[in-house]
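Engineer: Numbering (our numbering), first residue to last: -8 to 421.
Structure below; questions to follow.
Next comes the structure, spelled out in structure tokens:
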């Protein structure tokens, strides 16, 4: 029974069907039309952007038997096209460089390249993930790639071009496959959803596009996965299936921060951790949301730049609670906490500490490094803080204690600063 996986069912069959790669499409089409076929090509880009699919299309274009010469629109029905599609072609070899990366494999490939094509016009070798070839095997292939027999074409595909020897790269025509934009992915997914009668919201399509980070193959796989839910697919469905933090959960956390509801904040954080969300993921989602809040505060019309699961109208309403400086300070605090989280053995405690410091009334460590000798009185006017020679009993207000503790943390050794930053000075005694 044939597969029904969307990423295989809707794999492009011609260069015209490539999605989001206009420069690659135009260059290869013109190369075929003008018969400027290079001996070696290097396709580089992130995963799921169409490198291997383009290599197969190019191979079919060169060897299609329905035309007298190479064509940019292979028929897909001749014996050559069908054998390439099913990976059974005698003239087109698709080689996994990860498992065939030794010098002996390279020498065997060189020997095979000397053989004439059996059926088509060219003998084509597609080396997938070619960066996994050893340095010795790359050097062994160097001469063959530089001066192959006239009937041989090499197509190298890689996600990590920096690992390919510069001498190899310099002998290839290099095509960069860029990550697809959110709008391009969402539009293509909508077309496929319509063709497959999949009920999916626009927010869900954008959530898929954000998650896959420019990879169309991953987007199609995820769309096929969420379509099995049997109901209209929403953004929350996508986020839950990918293990993310939903907009509802983020709104609960933000509301608790805005209203200084300590209990609700800690409880919601604990529920998220208990549901399987890692502290790193929670912090990353909050960082993304605060970034969007800051953008909306500075440029309310920049709806297209938002990446958070929380929609525009909800984010717009939240921005009314905080001014620009508060959002900027919170974002800086989240960035600092994210770096600390990588080195801690108790991530849950760090998460709770970070969330508490986002609350305006509990924030104890200033972000803008104000003058320690200034304090803010109840009437909102700045006044001189107590000098170091003043009576200790006069230093009892929380803002003064916080400033003093900040000086203690700053003067400590780097190794102990992280530990001291978690503490709070509550009392001074003579």
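Heads up, the beta-carbon is just placed ideally off N, CA and C, and yes, glycines get one too.
Note that this is a predicted model, so its numbers are computed, not measured.
Going by DSSP in three states, residue 3 sits in which element: helix, strand or coil?
Structural biologist: In the structure shown, residue 3 sits in coil (DSSP, three-state: anything other than H, G, I, E or B).
Engineer: For residue 31, which residues does DSSP report across the bridge?
Structural biologist: DSSP, once it has assigned bridges, lists 145 as partnering residue 31.
Engineer: Could you tell me which uninterrupted beta strand (DSSP E) segments, each at least 3 residues in length, are contained entirely in the region 128 to 205, listed from first to last along the chain?
Structural biologist: Those beta strand (DSSP E) runs which fall completely within the region 128 to 205 and span 3+ residues are 143 to 149, 164 to 168.
Engineer: With respect to the beta strand (DSSP E) encompassing residue 83, which residues constitute its N-terminal and C-terminal limits?
Structural biologist: From DSSP, the beta strand (DSSP E) with residue 83 extends over 83 to 87.
Engineer: Over what stretch of residues does the alpha helix (DSSP H) that includes residue 316 continue unbroken?
Structural biologist: Looking at the DSSP string, the run of the alpha helix (DSSP H) that includes residue 316 is 315 to 332.
Engineer: What did DSSP end up calling residue 415 once you bin it into helix, strand or coil?
Structural biologist: If DSSP states are grouped into helix, strand and coil, residue 415 belongs with coil.
Engineer: Can you give the Cα-Cα distance for residue 324 and residue 194, rounded to whole angstroms?
Structural biologist: If I take the Cα positions, the gap works out to 29 Å.
Engineer: Might you give, ordered along the chain, the residues of its own chain that have their beta carbon closer than 6 Å to the beta carbon of residue 361, omitting 5 neighbours on each side?
Structural biologist: Annotation note: pLDDT 37 at residue 361 (below 50); position unreliable, coordinate value reported separately. Same-chain partners within the cutoff: there are none.
Engineer: Should residue 120 be labelled buried (16 or more other beta-carbon atoms within 10 Å of its own) or exposed?
Structural biologist: Buried is the call here.
Engineer: Report back the beta-carbon spacing between residue 36 and residue 145 to the nearest angstrom; my notes put them in contact at under 8 Å.
Structural biologist: The pair is not a contact, with the Cβ atoms about 18 Å apart (cut-off 8 Å).
Engineer: My output table needs one value for residue 119: the three-state DSSP class, helix, strand or coil.
Structural biologist: In the structure shown, residue 119 sits in a strand (DSSP, three-state: E or B).
Engineer: Does DSSP put residue 224 in a helix, in a strand, or in coil?
Structural biologist: In this structure, residue 224 counts as strand in the three-state DSSP scheme.
Engineer: Thinking just about the alpha-carbon of each residue, which of 6, 263, 115 is nearest to the one in residue 41?
Structural biologist: Here the closest residue by C-alpha is 6.
Engineer: Can you tell me whether residue 41 is helix, strand or coil according to DSSP?
Structural biologist: Of the three classes helix, strand and coil, the one that applies to residue 41 here is coil, per DSSP.
Engineer: Answer yes if the region 326 to 338 comes into contact with the region 264 to 274, meaning at least three C-beta pairs across the two stretches below 8 Å, and no otherwise.
Structural biologist: At 8 Å Cβ cutoff, the stretches touch.
Engineer: Please state the DSSP three-state secondary structure of residue 215.
Structural biologist: The answer is helix: DSSP assigns residue 215 an H, G or I state.
Engineer: Ignore the nearest five residues each way along the sequence and tell me which others in residue 2's own chain have a CB closer than 8 Å to its CB.
Structural biologist: Correct list, in chain order: 44.
Engineer: Pull up the CB-CB distance for residue 217 and residue 229, whole angstroms please, since I reckon it's below 8 Å.
Structural biologist: Confirmed, Cβ separation roughly 6 Å.
Engineer: Could you check which residue in 107, 253, 201 has the C-alpha nearest to that of residue 301?
Structural biologist: Closest option to residue 301, Cα to Cα, is 201.
Engineer: On the DSSP bridge list, what partners appear for residue 36?
Structural biologist: DSSP, once it has assigned bridges, lists 168 as partnering residue 36.
Engineer: Is residue 114 helix, strand or coil by DSSP?
Structural biologist: Looking at residue 114 - three-state DSSP - the assignment turns out to be strand.
Engineer: I think residue 158 touches residue 133, with their Cβ atoms under 8 Å apart; what is that distance to the nearest whole Å?
Structural biologist: Residue 158 to residue 133, Cβ: 6 Å. Contact.
Engineer: Near residue 388, what residues of its chain come up, given a Cβ to Cβ distance below 6 Å and the 5 sequence neighbours on each side ignored?
Structural biologist: For residue 388, the predicted model reports a pLDDT of 43, less than 50, meaning its position is unreliable; a value from the coordinates is still stated below. The answer is none, since no qualifying residue turns up.
Engineer: Under a three-way DSSP split, which group does residue 17 fall into?
Structural biologist: Three-state result, residue 17: helix.
Engineer: Is the distance from the Cβ of residue 15 to the Cβ of residue 175 below 8 Å?
Structural biologist: Not closer than 8 Å, so no.
Engineer: Taking 8 Å as the threshold (C-beta atoms), are residue 213 and residue 203 in contact?
Structural biologist: Yes. Within cutoff.
Engineer: Please identify the residue among 131, 180, 124 whose C-alpha is closest to the C-alpha of residue 154.
Structural biologist: Measuring from the Cα of residue 154, the nearest candidate turns out to be 124.
Engineer: Give the straight-line distance between the Cα atoms of residue 306 and residue 287, rounded to the nearest whole angstrom.
Structural biologist: C-alpha separation (whole angstroms): 8 Å.
Engineer: Tell me the rounded alpha-carbon separation between residue 54 and residue 72.
Structural biologist: Looking at the two C-alpha atoms, the distance is approximately 8 Å.
Engineer: Alpha carbon to alpha carbon, how far is residue 315 from residue 276? Give it in angstroms, no decimals.
Structural biologist: If you take the alpha carbons of residue 276 and residue 315, they lie about 20 Å apart.
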